[in-house]
Amino acid sequence: MQAPLYQVKAEFFRMLGHPVRIRVLELLQHGPVSVRDLLADIEIEPSSLSQQLAVLRRSGIIVSIREGSTVRYALAGGDVAELLRAARRILTELLTGQNQILTALQEADAPATLHTSR
């Protein structure tokens, strides 16, 4: 029996649910990047990066490209970059909304503070 689509989607988002994996995907948006450059940008242990790259590679979201002794990684398709841009837009809207609520709360609290300090 095949898993329901919503379950497959949940597994996909769980696979993305690690900060290092998201950072790798962000760095790969602009084209292939070598492991050495990923290590320099992310600043984690090589073994940890290797584990996270393996998860992304097994999922099919990234591909490895061997160029002599150098291994470079790239996004398997442009849809991943679009997903990251969509996530950025959604987060921007959410945080903007939260900032507006915070500002409204602060403004509502300001007159009360003025009256109590007299």
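Mapping of the sequence shown onto my numbering: position 57 corresponds to residue 41, and the numbering continues sequentially without gaps. Every residue gets a Cβ at the ideal spot worked out from N, C-alpha and C, and that includes glycine.
Mapping the DSSP letters down to three states, classify residue i as helix, strand or coil.
{"i": "residue 53", "result": "coil"}
{"i": "residue 60", "result": "coil"}
{"i": "residue 46", "result": "strand"}
Cβ of residue i within 9 Å of Cβ of residue j?
{"i": "residue 40", "j": "residue 22", "result": "no"}
{"i": "residue 64", "j": "residue 36", "result": "no"}
{"i": "residue 10", "j": "residue 68", "result": "yes"}
{"i": "residue 19", "j": "residue -10", "result": "no"}
{"i": "residue 49", "j": "residue 12", "result": "no"}
Compute the beta-carbon to beta-carbon distance between residue i and residue j, rounded to the nearest angstrom, for a pair I have assumed lies under 8 Å.
{"i": "residue 60", "j": "residue 44", "result": "6 Å"}
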